[in-house]
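K.L.:
Here it is, the structure, as structure tokens.
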Amino acid sequence: MTDDGFREFVAARGLALSRMAYLVTGDHGLAEDLVQEALVKVAARWRKLTKKGDPEPYVRKVMINQLRTWRRPRRLTFVPTADLPESLPSTDESEQAELKVALARALSVLAPKQRIVLYLRFYEDLSERAVAAELGCSVGTVKRHTHDALKRLRQVAPQLLEAEVRS
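Take 1 as the starting number for the sequence shown in the UniProt record's numbering and just add one per residue.
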């Protein structure tokens, strides 16, 4: 089998796909598995995909579908708590690290579909209509998942809003 640009695609977009997988799973190991399984499926159809244009939306769709079919129990790598640990006087780097941890904790309490919608809407900057097409649902469903996810994030991690106001 010739790769016809598959290796170049993986080299160029592999990091972005891994980032997406991590953001929607919240776990590095699961993210690696998700990307690997998706790329194995895509490799078999690579020639057809490249004839139709940009293969990346299809790869993302395969990843989302794969995530839906996994029957693994949801594993939290940390437990959200109302009490934050004592911290040292913060510098910009430590503040940023705290915000990243807070965001990861907040995202971990969202349903997988909510994380996927937030990723596609705000990280990939897709329109509601494009997200709906990618997920195979209505625009109203995308709006509802976005609304519910943002509401939950505001409840779980209000410090993220405070950081946005300070910026």
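Even for Gly, the Cβ is constructed at its ideal location relative to N, Cα and C. Quick caveat, the model's predicted, so the values are computed rather than measured.
1. Please classify D4 as buried or exposed, where buried requires at least 16 other C-beta atoms within 10 Å of its C-beta.
2. Measure the Cβ-Cβ separation of L67 and P112 and say whether it is below 8 Å.
3. Give a yes or no on contact between the segment 44-54 and the segment 22-32, applying the rule of three or more CB pairs nearer than 8 Å.
4. Using the C-alpha atoms, what's the distance from L39 back to S90?
5. Look at the alpha carbon of F122 and the alpha carbon of A44, and state the distance between them as a whole number of angstroms.
6. Cα-Cα, which of D125, V101, G136 and R154 is closest to Y58?
7. By a C-beta neighbour count over all protein chains shown, 10 Å radius and 16 as the cutoff for buried, is T25 buried or exposed?
8. Under three-state DSSP, which class holds S18?
9. Where residue 212 and R105 are concerned, what is the direct C-alpha to C-alpha distance, given to the nearest angstrom?
P.N.:
The relevant details are as follows:
1. exposed
2. yes
3. no
4. Below a pLDDT of 50, predicted positions are generally treated as unreliable, and S90, at 49, falls in that range; the measurement from the model is reported next regardless. In a straight line, the C-alpha of S90 is about 41 Å away from that of L39.
5. 30 Å
6. G136
7. buried
8. helix
9. Any property of residue 212 remains undetermined from this structure, which presents the chain solely from 1 to 167.
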